[in-house]
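Beneath this line is the structure, given in structure tokens, with notes to follow.
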Amino acid sequence: KDNENGSDAEIIAFLESLAAKAFVIYSFAEVKFSQIIPLPPSSVGDPFSKRSSNGSCAIEEEDEEPETDSNTERIRGVFPESESIMTKMRKRSSSDNITFDGVMKDLPPWEVQQLCTEALVLYMKALSILAKAMQTTSSWWYRSQEKNCSLKLNVLVQWSRDKFNECLERAEFLRLKLPPMDQHSADESTIKASQVNDSKYGASKRSSCSELSEPVFLEKLIYDRALEISKTAAKYEIQGEYLNNCELAYATSLWMLESILDKDMDSDNIGDFGSWATEALDDADKQMIKKYIDSIANRLRILRRKMNHS
Amino acid sequence: PSKLNESPSGDLLDFMKLLDDRKELKLKNKGTKVDISNSLLKFQGMRTTNNNLSTDLSMSMSLERPSAS
Numbered sequence: 026k027d028n029e030n031g032s033d034a035e036i037i038a039f040l041e042s043l044a045a046k047a048f049v050i051y052s053f054a055e056v057k058f059s060q061i062i063p064l065p066p067s068s069v070g071d072p073f074s075k076r077s078s079n080g081s082c083a084i085e086e087e088d089e090e091p092e093t094d095s096n097t098e099r100i101r102g103v104f105p106e107s108e109s110i111m112t113k114m115r116k117r118s119s120s121d122n123i124t125f126d127g128v129m130k131d132l133p134p135w136e137v138q139q140l141c142t143e144a145l146v147l148y149m150k151a152l153s154i155l156a157k158a159m160q161t162t163s164s165w166w167y168r169s170q171e172k173n174c175s176l177k178l179n180v181l182v183q184w185s186r187d188k189f190n191e192c193l194e195r196a197e198f199l200r201l202k203l204p205p206m207d208q209h210s211a212d213e214s215t216i217k218a219s220q221v222n223d224s225k226y227g228a229s230k231r232s233s234c235s236e237l238s239e240p241v242f243l244e245k246l247i248y249d250r251a252l253e254i255s256k257t258a259a260k261y262e263i264q265g266e267y268l269n270n271c272e273l274a275y276a277t278s279l280w281m282l283e284s285i286l287d288k289d290m291d292s293d294n295i296g297d298f299g300s301w302a303t304e305a306l307d308d309a310d311k312q313m314i315k316k317y318i319d320s321i322a323n324r325l326r327i328l329r330r331k332m333n334h335s
Numbered sequence: 007p008s009k010l011n012e013s014p015s016g017d018l019l020d021f022m023k024l025l026d027d028r029k030e031l032k033l034k035n036k037g038t039k040v041d042i043s044n045s046l047l048k049f050q051g052m053r054t055t056n057n058n059l060s061t062d063l064s065m066s067m068s069l070e071r072p073s074a075s
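One line per chain: the protein sequences are A and B, in this order.
Counting in this note's numbering, the first sequence runs from 26 upward without gaps.
Counting in this note's numbering, the second sequence runs from 7 upward without gaps.
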């Protein structure tokens, strides 16, 4: 059975890259989500002290952070993955959904809708990546019964399943937060398409909510965010600060950008979740994204070399 | 405030410039329909098969362990 390990290693490598992509998109979704819904209290303790100690930065993440005494605060605010690790540690469970309505933040409706839509498309993207992970593993596993399941593969699959369920819960919740989509659009829930059409042709027949909203493009969301993360990291790198976080940030940007170039499902004939990516990008867009992938990857290589020599 | 202990080419500055000069994506809308409800249904339908796969993988592991000890 040990000679099966070759194919095992192959699928593990593939799953790892999907898991990394799913994780960075999920983390971004969580940031958006926490802008709508304050993080629920962790199992014990005062929610507000918890939030101000480590959760609040997610809210301000787009803002220019003033220089504070606390470097950790700054770093967490800047790098979403540290935030998401904190988030994970707080272990929000599905039952938290029940309390969400009571604690919705006091934002204007259009902004809530905007954030809900953004979070939703991000969770959907994460779901499509995780779906691919599960389905690829499934077809690999059931192709022949003569396979070993290594601990690593098992851990990856369990993780993917858990994350899948978590994203699904969030997406279901957000979907319900967007009732106008159902009622006003015959072609229900064509969020991206319809909103874009509205803004492009200026002939909005939709509620004032969506008139005010920016059109939501998954690709644009991820692209802007990924470049922002790298930019911030470069600022720190040039000061020679927080190099470990810079490394993580560049890697995060890379996974994010690569995820929008991936042709999710459709090429694999596994299912058609494919509309979550690529369709909106033309060749020039793709070339530009590749250019950034190359230079960020190059930057990451140089940084790693620098870190190893110091 | 650039410390120029950077590699000879000064590429970190180039890198920052590249990021500062970034262009927006054009994002032609090919009219792709994004049917969230439909996708959600499909994802919901995957839950069972995901669970089955996880169970099968875990089982195959636990079946192999005993002989080792």
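Every residue gets a Cβ at the ideal spot worked out from N, C-alpha and C, and that includes glycine.
Annotation: the continuous alpha helix (DSSP H) that includes Leu201 (chain A) extends over 176-201. Short of 6 Å from the beta carbon of Ser278 (chain A), and not among the five residues preceding or following it, lie these beta carbons of its own chain, in chain order: Ala251, Ile254, Ser255, Ile321. One alpha carbon belongs to Asp187 (chain A), the other to Thr54 (chain B), and they sit about 12 Å apart. In terms of beta-carbon proximity, Asp27 (chain B) stays away from the interface with chain A, with every pair separated by 8 Å or more. Going by beta carbons, Leu243 (chain A) and Gln138 (chain A) fall outside the 8 Å limit. Distance between Tyr51 (chain A) and Ala151 (chain A), taken at the CA atoms: about 6 Å. Contact annotation: Tyr248 (chain A) and Ile314 (chain A) have beta-carbon atoms nearer than 8 Å. Shown here, Asp131 (chain A) sits in coil according to DSSP, grouped into three states, outside any helix or strand. Residue-level contact by beta carbon fails for Trp165 (chain A) and chain B, as no gap is shorter than 8 Å. Here Thr61 (chain B) is exposed. Its C-beta has fewer than 16 other C-beta atoms within 10 Å. Distances from the CA of Lys32 (chain B) to each of A:Ala309, A:Tyr317, A:Asp319 were compared; the closest alpha carbon is that of A:Ala309. With respect to the 8 Å criterion, Phe21 (chain B) and Arg324 (chain A) are classified as neighbours on the basis of their beta carbons.
The residue from A:Met159, A:Trp280, A:Pro240, A:Leu328 with its alpha-carbon nearest to that of Ala305 (chain A) is A:Pro240.
Beta-carbon to beta-carbon, Lys46 (chain A) and Glu283 (chain A) are separated by about 7 Å, close enough to satisfy the 8 Å threshold. If you draw a straight line from the Cα of Ala258 (chain A) to the Cα of Ala276 (chain A), it is about 11 Å long. Cβ atoms of Val182 (chain A) and Thr162 (chain A) come within 8 Å of each other, at about 6 Å. Ranked by Cα distance from Glu35 (chain A), the options A:Phe58, A:Pro134, A:Thr142, A:Cys174 are led by A:Cys174. DSSP, reduced to helix, strand and coil, places Asp62 (chain B) within a helical segment of the structure shown.
Around the Cβ of Asn333 (chain A), a 10 Å sphere holds fewer than 16 other Cβ atoms; the residue is exposed. Taking the Cβ atoms as the reference, Leu273 (chain A) lies roughly 22 Å from Ala158 (chain A), outside the contact range of under 8 Å.
Counted as a single uninterrupted DSSP element, the alpha helix (DSSP H) harbouring Asn323 (chain A) occupies residues 308-334.
Interface residue (Cβ-Cβ distance to chain A less than 8 Å): Thr55 (chain B) is classified as such. When the alpha-carbon of Asp319 (chain A) is set against those of A:Trp280, A:Lys331, A:Lys177, A:Val180, the nearest one is in A:Trp280.
Annotation for Ser255 (chain A): the continuous alpha helix (DSSP H) segment containing it runs 243-263. At a cut-off of 8 Å between beta-carbon atoms, Glu262 (chain A) makes contact with chain B. Below the 9 Å Cβ cutoff, chain B contributes no neighbours of Asn269 (chain A), its closest Cβ being approximately 17 Å away.
Rounded to whole angstroms, the separation of the alpha carbons of Lys57 (chain A) and Ile285 (chain A) is 18 Å. The alpha-carbon of Lys260 (chain A) is positioned some 29 Å away from that of Pro63 (chain A).
When DSSP states are grouped into helix, strand and coil, Ile61 (chain A) belongs to the helix group.
When Cβ-Cβ separations below 8 Å define contact, Leu33 (chain B) makes contact with chain A. Where Tyr275 (chain A) is concerned, the enclosing alpha helix (DSSP H) starts and stops at 268-286. Separation of Ser164 (chain A) and Ser43 (chain B) (C-alpha to C-alpha, rounded to the nearest whole angstrom) is 26 Å.
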